[in-house]
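Peer 1:
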Amino acid sequence: MKHIFIVNPTSGGGKPATLIPVIHDYFKDKKEPYEIILTERNGHATDLTRRYSIKDDVTLYVVGGDGTVFEVLNGLNDSVPMAIIPAGTGNDAFRMLGLEPMDIKDVLIQTIEGKYVKVDYGLANDQRFINCSTMGMDADVGEFAERIGKKLPIPRTLVYIISAMFIVFKPKTIDLEIDLGDKKIFQKSLLVAVMNGRWYGGGFQPAPMASIQDGKLDVCMVSDASLLRIFQLLPMYFKGTHVGVKEATFLQADSFTLSTGGRVVQVGFDGENSKQSKIVFKLMKLALTLKVPKSSTLREDV
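Residue numbers for the sequence shown follow numbering that gives the first Met the number 0, so the first one is 0 and each next one is one higher.
#1: Strictly by DSSP, which residues pair up with Ala-192?
#2: Under a Cβ-count criterion, where at least 16 other Cβ atoms within 10 Å of its own Cβ denotes burial, should Met-164 be classed as buried or exposed?
#3: Going by the DSSP bridge assignment, what does Asn-272 pair with across the sheet?
#4: Would you report the Cα separation of Val-323 and Lys-29, rounded to the nearest angstrom?
#5: Tell whether a beta-carbon distance below 8 Å holds between Val-106 and Pro-292.
#6: Measure the Cβ-Cβ separation of Phe-128 and Asn-195 and say whether it is below 8 Å.
#7: Figure out for me which residue from Gly-11, Tyr-51 and Pro-20 has the closest Cα to the Cα of Ile-5.
#8: Curious, which full-length alpha helix (DSSP H) runs of at least 4 residues does the region 225-251 contain?
#9: Determine whether the beta carbon atoms of Ala-92 and Val-71 lie at a separation below 8 Å.
#10: In chain order, what residues of the same chain lie with their CB nearer than 8 Å to the CB of Leu-96, ignoring the 5 residues before and after it?
#11: DSSP beta-bridge partners for Phe-4?
#12: Grab the span of the alpha helix (DSSP H) containing Tyr-115 for me, first residue to last.
#13: Pick from Tyr-60, Leu-285 and Thr-256: whose alpha carbon is nearest that of Gly-113?
#14: Bridge partners for Gln-204 per DSSP, in chain order?
The structure is reproduced here in C-alpha cells:
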C-alpha cells in the first residue's frame, strides 16, 4: 500500500507545510512507499486525486482544510481510501471522526497507523459532499465568510459569526419545495441545511443528531422570523439546541429533490459555493472508505 499525501500549502495559514518534515521523518526507517504532492491552484487536488486513485493499492491523505477534502472527494475512485489530516481553519469534516482533542502531529501519525471504516457521503446533482450542502442565509453567510476570511487573520468560527451578523440584517427568504417522492413540503425558509455530518462553519450544529454512518441525510429548515427572533435563534443553532423550536423543521431522507421555484440562489457544498435553483440529493450509503485513528468512534462493523 502506497501512502499519497495531497498537501494544500495555503490552508490554515500554512499549517500543512509544517507536517511535511513529520511525514518524511516517520517513513525514513520504513519500507512502505509514500509520496507528497503540493496543490498549486483551486481544483488541483481534484486533478491529482483522479491521477493517483486509478490504482487500488493507495491511500490518499488530505492535508488541508474542508475545501481540500471536498476537492479530493470529488476526484476519488470509490475503491480508494481517503484520510483527513485537519490542517485548515474550520476542519468540520474531521470533527465527524469522533476523536478527543490532540496535537495535529499525533493525528497524522495515528491516522497513518489507523483503521479503515465505511462512511456515507452525499450527492447533490453532480457534486459530492461529505459534510453539508446549504442554501439561503446559511449559504450567503458561507460565501461572505469565504471572502472576508481571506482578509482577516481570525478563527474560522469568529469569521462565521461576523458574517452571520452582517447577513442577518438583510435576510432573504426562499420559497422552498422538497419533493420526497411520496409527498411534497412547501415552506418559506430563511435557510436550509442538508447534512451528512453534524457540524459546519467552524462548529455550528444544524443537525445535532446526524451521523455519517446512518444512511440518511438530515435536513434542517428554518422558517421566516423577525430580526429579534433570528438573533435569539443564532446561538441555539450554533449549539444544536434549536431542536423543538417552532421555526425549525427537521426531516431525514436518503433521496429527495429541492427546488426554489426557479429562483437561482447561493448554494454551499462543504464550504465551496455555486448558484443553483434545483438540486437532486442522494445519499451514497457507506460508499466511502476513510482511514482514521484507531481511537475514532466510527464503527468498523457497519
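All C-beta atoms, glycine included, are put in the ideal place defined by N, C-alpha and C. Given the structure is predicted, the values throughout are model-derived calculations rather than measurements.
Peer 2: Concretely, from the data shown:
#1: Taking the first residue of the sequence shown as position 1, residue 192 is located at position 193. Answer is Thr-133 and Cys-219.
#2: To locate residue 164, count along the sequence shown from 1; it is residue 165. It is exposed - the Cβ of Met-164 has fewer than 16 other Cβ atoms within 10 Å.
#3: For this step, residue 272 is matched to residue 273 along the sequence shown. Answer is Gly-267.
#4: Past the edges of the chain, shown from 0 to 301, lies residue 323, and the structure says nothing about it.
#5: Counting from 1 along the sequence shown, the entry for residue 106 is found at position 107. Counting from 1 along the sequence shown, the entry for residue 292 is found at position 293. In contact: Val-106 and Pro-292 (Cβ atoms closer than 8 Å).
#6: Position 129 of the sequence shown holds residue 128. Position 196 of the sequence shown holds residue 195. Yes, Cβ-Cβ distance for Phe-128 and Asn-195 is below 8 Å.
#7: Numbered from its first residue, the sequence shown carries residue 5 at position 6. Minimum Cα distance to Ile-5 is reached at Tyr-51.
#8: 226-238
#9: Mapped onto the sequence shown, residue 92 falls at position 93. Mapped onto the sequence shown, residue 71 falls at position 72. Going by C-beta atoms, Ala-92 is not nearer than 8 Å to Val-71.
#10: Along the sequence shown, one-based indexing puts residue 96 at 97. So the qualifying residues of the chain are Ile-83, Leu-289, Val-291, Pro-292, Ser-295, Thr-296 and Leu-297.
#11: If you number the sequence shown from 1, residue 4 lands on position 5. Its beta-bridge partners are Ile-35 and Tyr-60.
#12: Stepping through the sequence shown from its first residue, residue 115 is reached at position 116. Run containing Tyr-115: none in the alpha helix (DSSP H); it sits in the beta strand (DSSP E), 114-123.
#13: Within the sequence shown, numbered from 1, the residue matching residue 113 stands at position 114. Minimum Cα distance to Gly-113 is reached at Tyr-60.
#14: In the sequence shown, counting from the first residue as 1, residue 204 sits at position 205. Bridge partners of Gln-204: none, in fact.
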